[in-house]
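Novice: Questions regarding the structure given below will be posed in turn.
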Amino acid sequence: MVLFLVHLFFTAALLLVVAHLVRGVEVEGWGPAVLGAIMLGLVNAFVRPVMVLLTLPLTILSFGLFLLVINAFMLWLVSALVPGIRVQGFAPALLGSLLLTLLNLGVASLLGPV
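For what it's worth, my numbering labels the leading residue of the sequence shown as 1, then goes sequentially.
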């Protein structure tokens, strides 16, 4: 449970980092960042698998690159659901989700599995 909370904290912090680095992604503070991290986890657990399954032919044709588009839509969906998080367009969502994924991979490699 403690490791889960640590991952949640790091995901919230990384959302703030992404908002600082990517123009068009805005997070108003720690409150929306923590709520966004929770919502991102829920969206990735429930909505993303359905999207991956529905777009499987396109994902196969693009050699998996379409998964980047799905990740961008998940970040965009979180911004629509969480007040205090704004993503202004698809390009910032794509760049933000790519950066968030890379940063989360780095943190996960340091902390280990949940």
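By construction, the Cβ of each residue, glycine as well, lies at the ideal position given by its N, Cα and C atoms.
Applying the 10 Å Cβ sphere with the 16-neighbour rule, what's the burial state of residue 32?
Specialist: Buried is the call here.
Novice: DSSP puts residue 86 in a beta bridge; with which residues?
Specialist: Answer is 26.
Novice: Nearest to residue 23 by alpha carbon, out of 36, 65, 69 and 89?
Specialist: Minimum Cα distance to residue 23 is reached at 89.
Novice: Measure how close the beta-carbons of residue 59 and residue 68 come, nearest whole angstrom, since I'm counting them as under 8 Å.
Specialist: Rounded, the Cβ-Cβ distance is 10 Å, inconsistent with contact.
Novice: Would residue 96 and residue 25 qualify as a contact pair, given that the criterion is a beta-carbon distance under 7 Å?
Specialist: The answer is yes: Cβ separation under 7 Å.
Novice: Does DSSP put residue 62 in a helix, in a strand, or in coil?
Specialist: Correct three-state label for residue 62: coil.
Novice: My assumption, with CB atoms under 8 Å, is that residue 79 sits in contact with residue 85. Please give the rounded CB distance.
Specialist: Right, their Cβ atoms sit about 5 Å apart.
Novice: Given this structure, state the Cα-to-Cα distance separating residue 15 from residue 110, to the nearest angstrom.
Specialist: So the alpha carbons of these two residues sit roughly 18 Å apart.
Novice: Can you tell me which of the three DSSP states residue 106 falls into?
Specialist: Looking at residue 106 - three-state DSSP - the assignment turns out to be helix.
Novice: For residue 51 versus residue 82, is the C-beta distance shorter than 7 Å?
Specialist: No, the Cβ-Cβ distance between residue 51 and residue 82 is not below 7 Å.
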